[in-house]
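Engineer:
2 protein chains.
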Amino acid sequence: MTHKTYDLVIIGAGPAGLTASIYARRARLDAVVLERLVPGGQILLSQRIENYPGVPLPISPKRLMEKMQRQAENLGMKLEQVEAKRIELDGEKKIIHTLSDKKYTTLAVIIASGTEPSKLGAEGETTFVGRGVSYCATCDAPFFKDQEVMVVGGGNTALQETLHLVRFARKVHLVHRRGMLRAEKILQERAFRNPKVEIIFRSVVKVIYGDSQVEGVKLKDLETGKIKKVPCSGVFISVGLKPNTDFIRGLVELDKKGFVKTRANLETNVPSIFACGDVRKNLLKQVVVACGEGALAVASAEKYINKVKGIEYK
Amino acid sequence: MTHKTYDLVIIGAGPAGLTASIYARRARLDAVVLERLVPGGQILLSQRIENYPGVPLPISPKRLMEKMQRQAENLGMKLEQVEAKRIELDGEKKIIHTLSDKKYTTLAVIIASGTEPSKLGAEGETTFVGRGVSYCATCDAPFFKDQEVMVVGGGNTALQETLHLVRFARKVHLVHRRGMLRAEKILQERAFRNPKVEIIFRSVVKVIYGDSQVEGVKLKDLETGKIKKVPCSGVFISVGLKPNTDFIRGLVELDKKGFVKTRANLETNVPSIFACGDVRKNLLKQVVVACGEGALAVASAEKYINKVKGIEYK
Chain A
-6 MTHKTYDLVI IGAGPAGLTA SIYARRARLD AVVLERLVPG GQILLSQRIE
44 NYPGVPLPIS PKRLMEKMQR QAENLGMKLE QVEAKRIELD GEKKIIHTLS
94 DKKYTTLAVI IASGTEPSKL GAEGETTFVG RGVSYCATCD APFFKDQEVM
144 VVGGGNTALQ ETLHLVRFAR KVHLVHRRGM LRAEKILQER AFRNPKVEII
194 FRSVVKVIYG DSQVEGVKLK DLETGKIKKV PCSGVFISVG LKPNTDFIRG
244 LVELDKKGFV KTRANLETNV PSIFACGDVR KNLLKQVVVA CGEGALAVAS
294 AEKYINKVKG IEYK
Chain B
-6 MTHKTYDLVI IGAGPAGLTA SIYARRARLD AVVLERLVPG GQILLSQRIE
44 NYPGVPLPIS PKRLMEKMQR QAENLGMKLE QVEAKRIELD GEKKIIHTLS
94 DKKYTTLAVI IASGTEPSKL GAEGETTFVG RGVSYCATCD APFFKDQEVM
144 VVGGGNTALQ ETLHLVRFAR KVHLVHRRGM LRAEKILQER AFRNPKVEII
194 FRSVVKVIYG DSQVEGVKLK DLETGKIKKV PCSGVFISVG LKPNTDFIRG
244 LVELDKKGFV KTRANLETNV PSIFACGDVR KNLLKQVVVA CGEGALAVAS
294 AEKYINKVKG IEYK
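For the protein sequence lines, the chains are A and B, in the order given.
My numbering numbers the first residue of the first sequence as -6 and each following residue consecutively.
My numbering numbers the first residue of the second sequence as -6 and each following residue consecutively.
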């Protein structure tokens, strides 16, 4: 059986993967993008984007990502809805195995598989997913009209979730384990001046309790060690990102949290495999950073591919 | 005399500097942007942008950069039209001296001063600037209606200049010293199939000659060593970028071409001084890459500033 050999397989169609696709098509590489869900990535869980340069008014992530997708499609992006399961090295070729048993043979790979929300690890968390526990206020806020809810976290996402929830909920408790927030100051200011928001610092969620639905949370005060019950019907968890790297574990070098380590040119420890965007061990998880990395990953991959083909620029 | 001390001075208001300004204002840093010309940067010399992710239809650089500027202004960007001359280290503070004798005292600096077109170094080049020699087809193409012109270079800019010039000129000679082009394939294809474009490989410009205006170019064929005269009335030079780093030479570590060397977090060898965008020794000169770096430079600068102020997140 012979497979077609692609120049490049891009795994993931979020901001990094779609930008990689735009640049790959402009470079006339024979590329395919593999996405297990829908194009757009993790940013689709956000309510709006205010800091993507060149878009002065707030835009919904859905709209911005549709534009990137259209831009890639106009250039002839080939997109397939499959989930990568494993990458096999076969000399100069790499074979991407997928959950659907479809295989892709390629010269180079760009990992742009992004992240998903981290679990908190509290008692009751898994039990109540979909019954009060949520990882996406954008998706679930309307279910909590006039109710009391909690957001756990202190970064940009937690603050954005909080500021979205106040439009529905009666009250939002923002719980953070540290004594200050990490989010952009502009978001902190908005939260501080909203009378519906109550911030509880230096506390962690121990238990999420309830009968069939969430009824409240047991918080531990990290200074006094005391446990306090906070009644609420929703718990929104924004405590960080977990990289989608299970399918390359053991092949590509990861940091201890599972993010892909790369060199400056975004190549991993495996020549021909590159990584970009949130899945990479980088210093800032932002759409525009992921896009910039997507462009660079293609430039590096293209150099590699041209070298293998003996047509490098010199 | 006491000066106000800024948190951050951003030098340059191109894509990197404007993005840095957006992120700095969102972080509520007390920042000022210094620009010697007008906001927008070197990209304003281009005809159009097709590969900025999220902008599916071609857009003029002027329009895209106006949007970034408006976005920064909406957040309260402070922009001053001055040219930085020198940075003086004064303990924890840095003092930016300018050509206008105005000084700015600050805790941190982001260098986003970009590049300008490199000179070719050919005989006659300087003599005929503005009289046939140009570094910007977008600006000057209309002067060459129905005439014969030359473009020198093989990268994206050279090809974009060529593809813009064919709309005015009768014929465009594209001269490149190598045997292949470096530009995106999509641009190469467009040039190859345009009957007005003639590509001359493995040749360099030795002399640009004429009386009061350019009348032609003497090319040297690098394989045969022969000199050939090509009559033309315009010469558009796109042979690379020269970083605007004269004002930091001797203070900040530069590579041999004058680009700023940084660590992964975009800090230079001088703590508190960061660099981003085209002025940096990076691997790809693209608007979206510069923007991504602008965002990261602020995140790193903010960490530094908060540490100096004793208010770092921990």
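Where is the CB? At the ideal position from N, CA and C, for every residue including glycine.
Quantities reported herein were computed from a predicted structural model and do not represent experimental measurements.
Just reading off the beta strand (DSSP E) that A24(B) is part of, what are its end residues?
Structural biologist: Run containing A24(B): 24 to 27, per the beta strand (DSSP E) assignment.
Engineer: Taking 8 Å as the cut-off, decide whether the C-beta atoms of H244(A) and V263(A) are in contact.
Structural biologist: Reading off the sequence shown, one finds Leu at residue 244(A), where the question assumed His. Yes; because the gap between Cβ atoms is below 8 Å, this pair is in contact.
Engineer: Using only alpha-carbon positions, find the residue among M143(B), S14(B), V253(B) that is nearest to M61(B).
Structural biologist: Nearest C-alpha to M61(B): S14(B).
Engineer: Go through its chain and collect everything with a Cβ distance to T131(A)'s Cβ below 7 Å, but skip five positions before and after it.
Structural biologist: Excluding sequence neighbours, T131(A) sits near L38, S39, Q40, H157.
Engineer: When you compare the segment 220 to 236 of chain B with the segment 155 to 171 of chain B, are there three or more beta-carbon pairs, one atom per stretch, that lie closer than 8 Å?
Structural biologist: They touch, by the three-pair rule.
Engineer: Within the chosen definition, does the segment 53 to 73 of chain B reach the segment 25 to 34 of chain B through at least 3 CB pairs nearer than 8 Å?
Structural biologist: Yes: at least three Cβ pairs fall under 8 Å.
Engineer: Looking at chain B, is there any beta carbon in it that lies within less than 8 Å of the beta carbon of M70(A)?
Structural biologist: By this cut-off, M70(A) is not an interface position.
Engineer: Taking the Cβ atom as the reference point for each residue, do I323(A) and I241(A) lie within a distance shorter than 8 Å?
Structural biologist: Residue 323(A) lies beyond the stretch modelled for chain A, which goes from -6 to 307, so this question has no answer here.
Engineer: Which residue's Cα is closest to the Cα of I3(B): I42(B), L100(B), M58(B), K254(B)?
Structural biologist: Among I42(B), L100(B), M58(B), K254(B), the Cα nearest to that of I3(B) is on L100(B).
Engineer: Output needed for Q140(A): all residues of its chain with C-beta closer than 7 Å, excluding positions within five of it in sequence on either side, in chain order.
Structural biologist: So the qualifying residues of the chain are A162, R163, S226, G227.
Engineer: Would E260(B) and K254(B) qualify as a contact pair, given that the criterion is a beta-carbon distance under 8 Å?
Structural biologist: Not closer than 8 Å, so no.
Engineer: Straight-line CA distance for S265(B) to H169(B)?
Structural biologist: Approximately 41 Å, taken between the alpha carbons.
Engineer: Which bits of chain A does R19(B) rub up against, with CB to CB less than 9 Å?
Structural biologist: Near R19(B) (Cβ distances below 9 Å), the residues of chain A are E43, N44, E177, K178, I179, L180.
Engineer: Is the Cβ-Cβ distance between A20(A) and E177(B) less than 8 Å?
Structural biologist: The answer is yes: Cβ separation under 8 Å.
Engineer: Name the residues in the segment 266 to 290 of chain B whose C-beta lies less than 9 Å from a C-beta of chain A; which are they?
Structural biologist: Listed in sequence order: N275, L276, L277, Q279, V280, V281, V282, A283, C284, G285, E286, G287, A288, L289.
Engineer: Could you spell out the range, first to last residue, of the beta strand (DSSP E) harbouring V200(A)?
Structural biologist: Per DSSP, V200(A) belongs to the beta strand (DSSP E) from 196 to 203.
Engineer: Any C-beta of chain B within less than 9 Å: which residues of the segment 195 to 228 of chain A qualify?
Structural biologist: Within the segment 195 to 228 of chain A, no residue has a Cβ that lies closer than 9 Å to any Cβ of chain B.
Engineer: Suppose you measure from the CA of P110(B) to the CA of P8(B); what does that come to, to the nearest Å?
Structural biologist: If I take the Cα positions, the gap works out to 17 Å.
Engineer: Would a check of beta-carbon distances place R256(B) closer than 8 Å to chain A?
Structural biologist: No, its Cβ sits nowhere closer than 8 Å to a Cβ of chain A.
Engineer: May I have the straight-line CA-CA distance separating I317(A) from V282(B), to the nearest angstrom?
Structural biologist: Since the first and last residues shown for chain A are -6 and 307, residue 317(A) lies out of range.
Engineer: Please list the partners that M61(B) has in chain A, where partner means a Cβ-to-Cβ separation under 7 Å.
Structural biologist: Near M61(B) (Cβ distances below 7 Å), the residues of chain A are P46, G47.
Engineer: Mark G117(B) as exposed unless 16 or more other C-beta atoms lie within 10 angstroms of its C-beta, in which case mark it buried.
Structural biologist: With 16 or more other Cβ atoms within 10 Å, it is buried.
Engineer: To the nearest angstrom, how far is the alpha carbon of S127(A) from that of R273(B)?
Structural biologist: Looking at the two C-alpha atoms, the distance is approximately 42 Å.
Engineer: Expressed to the nearest angstrom, what Euclidean distance is found between the alpha-carbon atoms of S53(B) and G33(B)?
Structural biologist: Computed Cα separation, rounded: 11 Å.
Engineer: Relative to the C-alpha of G5(A), which candidate in K87(A), F267(A), I192(A), K112(A) has its C-alpha closest?
Structural biologist: Closest by alpha carbon: F267(A).
Engineer: Given the structure, does V145(A) come close to the ligand SAM, in the sense that its CB is under 7 Å from one of the ligand's heavy atoms?
Structural biologist: Among the components of this structure there are no ligands whatsoever, and the ligand SAM is therefore not found.
Engineer: Work out the CA separation of D0(B) and A294(B) for me, nearest whole Å.
Structural biologist: Straight-line Cα distance between these residues: approximately 9 Å.
Engineer: Cβ of M173(A) less than 8 Å from any chain B Cβ?
Structural biologist: It does: the Cβ of M173(A) has a partner Cβ on chain B nearer than 8 Å.
Engineer: Using 8 Å as the limit for Cβ to Cβ distance, is L11(A) near chain B?
Structural biologist: It does: the Cβ of L11(A) has a partner Cβ on chain B nearer than 8 Å.
Engineer: Mind checking the segment 67 to 101 of chain A against chain B and listing, in chain order, the residues whose C-beta falls within less than 9 Å of any C-beta there?
Structural biologist: Cβ contacts with chain B: N67, L68.
Engineer: On the three-state DSSP scale, how would you describe T99(B)?
Structural biologist: Three-state result, T99(B): strand.
Engineer: Below 8 Å between beta carbons: does that hold for A151(B) and S231(B)?
Structural biologist: For A151(B) and S231(B), yes; Cβs fall inside 8 Å.
Engineer: For chain B, is any of its Cβ atoms less than 8 Å away from the one on A292(A)?
Structural biologist: Yes, A292(A) counts as interfacial toward chain B.
Engineer: Using a C-beta cutoff of 8 Å, does I36(A) count as contacting chain B?
Structural biologist: Not one chain B Cβ lies under 8 Å of I36(A).
Engineer: May I ask you to list the residues that DSSP assigns as paired with S127(A)?
Structural biologist: According to DSSP, which records beta bridges pairwise, S127(A) is partnered with F229(A).
Engineer: Can you tell which of V207(A), L234(A), V197(A) has its C-alpha closest to the C-alpha of T217(A)?
Structural biologist: Per the Cα distances, V197(A).
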